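One structure is given below, encoded as structure tokens.
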Amino acid sequence: MNVIKILIVDDDPNICELISLYLKKEGYETKEVYSGRKALDEFSAFAPSLVLLDLMLPEMDGYQVCGALRKISAVPIIMLTAKGEVFDKVLGLDLGADDYIVKPFDAKELVARINAVLRRYEQASEASDDMPIVYPNLRISPSTYTAVYYGKELELPPKEFELLSFFARHPNQVFTREKLLDKIWGYDFAGDTRTVDVHIKRIREKMPHEDSWSIKTVWGVGYKFEVK
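Just so you know, we're using my numbering here: the sequence shown kicks off at 115 and counts up by one.
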């Protein structure tokens, strides 16, 4: 059985060491780095299954590192932020973070969050072997995490892609924002429904209205992928 590797990125060595002790006790392999640039340097060499990423880092902050990682990988990212720090949940998640947790946190909660995010990622990876989803002028390929619209590949962060794929797999079904949060971000996600609105807005901007299908707002309820 392969050991799951977690990259811990925090400028406080004591916090890194404490988190590492928790995770090693749970059977994870860990590597600790203390700056944003070092995190990018070590990412490819260490090849982690998940990244714990502090918001406030020297050289590059957590937002910058998250954005840089998302250009090269869909590996899950959980943002760490200290109580009292200003953390824009929508911005962090829009950049591709999968979840966030506020310090100080309980060790059991951290492990539960990690396990939940890894489960969702594994389920998405298993589903990626499915056949492409095809509509007029749209082809979604789960195996490569790509979507082609009018012959052009769209630039979609992982959560935008997963949201679009979920809609396309369930045509004409109405989903509340809460249900979409549960399906795409997970039952224990601590964000709010505005996250869904922001992601759908960005997807729509990348795919202007198509006569045969579109993501429709169902006022007072949620959204649906309407196929005519």
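Glycine included, every Cβ here is placed at the ideal spot set by N, Cα and C. Keep in mind that this is a model prediction, so the values were computed, not measured.
Checklist entry - Between which two residues does the alpha helix (DSSP H) harbouring ILE329 extend? => result Careful: ILE329 lies outside any alpha helix (DSSP H), inside the beta strand (DSSP E) at 327–332.
Item to check | GLU143: first and last residue of the uninterrupted beta strand (DSSP E) it sits in | outcome: It spans 143–147 - the beta strand (DSSP E) in which GLU143 sits, taken as one unbroken run.
Next on the checklist: Only counting the same chain, and skipping five residues up and downstream in sequence, which positions put a Cβ closer than 6 Å to that of TYR263?
Outcome noted: Leaving aside the five residues that flank TYR263 on each side, the residues in its chain whose CB is nearer than 6 Å to its CB run, in chain order, LEU252 and MET321.
Checklist entry - In three-state terms, what does DSSP make of SER255? => result Here SER255 sits in strand by DSSP.
Next on the checklist: Judging by CA-CA distance, which residue of VAL288, ARG308, LYS297 and TRP299 is the nearest neighbour of ILE329?
Outcome noted: Distances from the alpha-carbon of ILE329 to those of VAL288, ARG308, LYS297 and TRP299 put VAL288 closest.
Item to check | Chain-order list of residues whose beta-carbon lies under 8 Å from that of VAL225 (same chain, five-residue window excluded) | outcome: For VAL225, where only same-chain residues beyond five positions count, the Cβ hits under 8 Å are TYR136, LEU137 and GLU140.
Item to check | Length of the line joining the Cα atoms of ALA230 and SER326 | outcome: About 36 Å.
Item to check | Residue of PRO246, PHE157, GLY210 and VAL123 minimising C-alpha distance to THR195 | outcome: THR195 has its Cα closest to that of VAL123, out of PRO246, PHE157, GLY210 and VAL123.
Checklist entry - With which residues is PHE289 paired in a DSSP beta bridge? => result DSSP output for PHE289 lists TYR337 as bridge partner(s).
Item to check | Reference LEU167; option with closest CA among TYR249, THR260, VAL179 and GLU156 | outcome: Of TYR249, THR260, VAL179 and GLU156, the residue nearest in Cα terms is VAL179.
Checklist entry - What beta strand (DSSP E) runs, 3 residues minimum, are completely inside the segment 122–170? => result Runs found: 143–147 and 164–168.
Next on the checklist: For the segment 293–301 against the segment 215–222, do three or more pairs of beta-carbon atoms, one drawn from each stretch, fall closer than 8 Å, so that the two count as touching?
Outcome noted: Cβ pair count under 8 Å is below three, so no.
Checklist entry - Under three-state DSSP, which class holds VAL117? => result The answer is coil: DSSP assigns VAL117 none of H, G, I, E or B.
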